[in-house]
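Structure first, commentary second.
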Amino acid sequence: MSNKKLKFIVWEDAFGCPEGWQRKDEVQYQTSIVHSVGFVIAETQTTLTIAPHIAGKKQNSRQVAGCITLPKRQIISVSSCRVLE
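See below:
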């Protein structure tokens, strides 16, 4: 896996949706800032997909776990991480 493909991503997500009903004055009008780290496994003009877990380096087929696809319009910043193997 290329070192330049491991990324630290800061992005904005929706916040809220508690169980049940609540009064309007109890609603929290905010979003959530999320920090994610993973290997870039796919990218389009509008999305970035990362996987924090990749297995099968010595096998014919690789497996991934924990993948997330982020809309680029929600990404605040992307930084490269260095991998020491």
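Using the numbering used here, the first residue of the sequence shown is number -4, and each one after it goes up by one. All C-beta atoms in this analysis are idealised placements derived from N, C-alpha and C, irrespective of residue type, glycine included. The structure presented is a predicted model; accordingly, all values stated were derived computationally and were not measured.
So, do the segment 59 to 71 and the segment 39 to 48 have three or more beta carbon pairs nearer to each other than 8 angstroms? yes
Going by Cα to Cα distance, which pick from 26, 1, 71, 33 is closest to residue 8? 26
Could you tell me the boundaries of the beta strand (DSSP E) in which residue 66 lies? 63 to 66
State the beta-bridge partners of residue 20 as determined by DSSP. Bridge partners of residue 20: none, in fact.
Cβ neighbours of residue 5 in the same chain (closer than 7 angstroms, five flanking residues each side left out): 28, 30, 71, 72
Which residues share a DSSP beta bridge with residue 2? 33, 75
Does the beta-carbon of residue 33 have 16 or more other beta-carbons within 10 angstroms, so that it is buried, or is it exposed? buried
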